[in-house]
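Following: one structure in structure tokens, then a few remarks.
Numbering (our numbering), first residue to last: 11 to 583.
Pasting the structure below:
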């Protein structure tokens, strides 16, 4: 009866929305997301220069602040998805996120045009450089926080909101239509990223911060306007509850029933299952969680229609297995964090500023635009791997994707070690050249050293990230049911947040330890006096230890690497 009433409700909602949604809504949604990506990613590459120049922060302090900002932005993605699914609905979540980003970017832009919102420039005060006041720092952090809220609400909900507009089971071409939407969506995101690290960064370098920050704010005005103009055309699905709530319910229910003695030979009838479920009993691993789906008193825990009276006291076998899937992927997922820490470092921009960045005599590549090398390497490698290597490798490995997801994750860690080692070697050469040229006290001096020295390490990072992202998402997807495919990308986003927190802790610790006793910090703003090369060697060492950790995890979780989780995917097939 319950399923029938839900189907009737869906049909009723579909008839009400039959004149809404469809392809006509796609320009509004894609333009909204593209402008948001272009604006937010355009702020990141040069932000450390803005903080060290106008807020007189040390390079290490600015790097820690940016890492925390990135962690907050990625972490709020899970929170935004939870609120969207449970309470707000996707339309409201995207609208709130877009408006929040607009307000944050406007405040950030105001810091460039109102002198009182930032410290006085060095040299205009008798005591030298003024520090940042509490009010000035609060305003800066307020802008960062609002942008993070916008990112957290908008990004996880925007793509799903677009899919809502095309969902029509009566259309035989619906699956192809949604697949085409995803392709166009990610293509627009890729174009936005390229424009962000090239055009926006170029504007900031050549036209100043006032115009450089005004452009992202203007893009967000366009984003908000376009999205809200399309509001009458949207299908606005109601919130139906969040997956994360179900995971927490299992943990709470298992804790409440911790007095139950879990045995493998329990009768199948003692477990609560969803109607038409193919799962007769929970799996043997993480047995303590099986208590959550054991029915102690049917009269108290079940309603007359067979549904659960209190979902925080009794959960289904399906819910228990979802939490177990999450716990199974955690060890392998954690092996990617050190690679993300290495890729996310922002100190390389100081290296670029001291190198000859001319391509032609009249054109100089902005220091913040070198991230384009990583994007290009990523794109080229994915295309080569998919079109050339997969057919060749699949003949020898028998795997339809050439290499298994875990193998690709392992290769990414090896490439990450090589990239950080190369980064350390390059910085050692650059620093020695600077000292030999007499620039030890002049971090802004440009050396007779080409920017091409940095291309190999950025290219390696691009290939490593391509291997890692695709491999990790495929690995997580292989262990979860198809209905939870979006959880794989959510786990990757959560990994970015954790990696940013680790990065902020690592940078802060290295700066404090190496600057103790009046010594020059490895991460000093004057990189010619500091030892950025030592920091990169430290990252190389951590990357090597992480590679060993990966091998241990692989050895002890090898039974999960055969592709699909049979408990779910066999049932679905």
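Just so it is clear, CB atoms sit at the ideal spot from N, CA and C, and this is done for glycine as well.
Residue range 368–370 is occupied by the beta strand (DSSP E) that includes residue 369, with no alpha helix (DSSP H) assigned at that position. When only Cα atoms are considered, residue 195 and residue 45 end up about 12 Å apart.
The shortest CA-to-CA distance from residue 201 to any of 51, 520, 362 and 408 is the one to 51. By the C-beta density criterion, residue 529 is exposed, having fewer than 16 other C-beta atoms within 10 angstroms.
Residue state for residue 296 is assigned as coil, using DSSP reduced to three classes. About 4 Å separates the beta carbon of residue 553 from that of residue 427, a gap short enough to meet the 8 Å contact definition. Here DSSP, grouped into helix, strand and coil, assigns residue 457 to coil. In terms of Cβ geometry, residue 80 and residue 223 do not form a close pair [threshold 8 Å].
Its chain contains 520, 532 and 533 as the residues whose beta carbon lies nearer than 7 Å to that of residue 545, once the 5 sequence neighbours on both sides are disregarded; these appear in chain order. For residue 526, the number of other beta carbons within 10 angstroms of its own is below 16, and it is reported as exposed. Between residue 169 and residue 326, the alpha-carbon positions lie close to 29 Å from each other. Under the three-state reduction of DSSP output, residue 65 falls in the coil class, being neither helix nor strand.
Excluding the 5 residues flanking it on each side, residue 227 has same chain C-beta neighbours closer than 6 Å at 115, 116 and 119, in chain order.
Secondary structure note for residue 428: its alpha helix (DSSP H) is the uninterrupted segment 415–446.
Here residue 379 is near residue 212, since their CB atoms are less than 8 Å apart. From the listed residues 318, 130 and 505, the smallest Cα separation to residue 283 is found for 318. In this structure, the straight-line span from the alpha carbon of residue 488 to that of residue 343 is close to 13 Å. For residue 312, the three-state secondary structure derived from DSSP is strand.
The Cβ-Cβ distance between residue 556 and residue 348 falls below 8 Å. Distance from the CA atom of residue 130 to the CA atom of residue 61, rounded to whole angstroms, is 13 Å.
Under DSSP, the beta-bridge partners assigned to residue 374 are 368.
Secondary structure note for residue 216: its alpha helix (DSSP H) is the uninterrupted segment 211–217. Excluding the 5 residues flanking it on each side, residue 198 has same chain C-beta neighbours closer than 6 Å at 40 and 44, in chain order. Beyond the five residues adjoining it in sequence on each side, residue 388 comes within less than 8 Å, by CB distance, of 472, 473, 475 and 476 in the same chain, given in chain order.
Fully enclosed beta strand (DSSP E) runs of no fewer than 3 residues are not present anywhere in the region 77–138. When C-beta atoms of the region 252–264 are compared with those of the region 292–308, three or more pairs fall below 8 Å, so the two segments count as touching. Within the same chain, and ignoring the five residues on either side of residue 206 in sequence, the residues whose Cβ sits closer than 6 Å to its Cβ are 48, 51 and 52. Between the beta-carbon of residue 453 and that of residue 215 there is about 17 Å, and that puts the pair past the 8 Å contact cut. Bridge pairing for residue 304: 281 [DSSP]. As summarised for the region 476–537, the continuous alpha helix (DSSP H) elements at least 4 residues long and confined to that stretch are 496–524, given in chain order.
Within the same chain, Cβ atoms closer than 7 Å to the Cβ of residue 100 are found at 94, 167, 170, 171, 174 and 247, the five residues on either side in sequence being excluded. The DSSP-derived three-state label of residue 272 is coil. Taking residue 113 as reference, the option from 75, 155, 89 and 140 with the minimal CA-CA separation is 155.
For residue 550 and residue 310, the gap between their C-alpha atoms comes out near 58 Å. Secondary structure note for residue 341: its alpha helix (DSSP H) is the uninterrupted segment 327–344. Between residue 107 and residue 87, the C-beta spacing is not below 8 Å.
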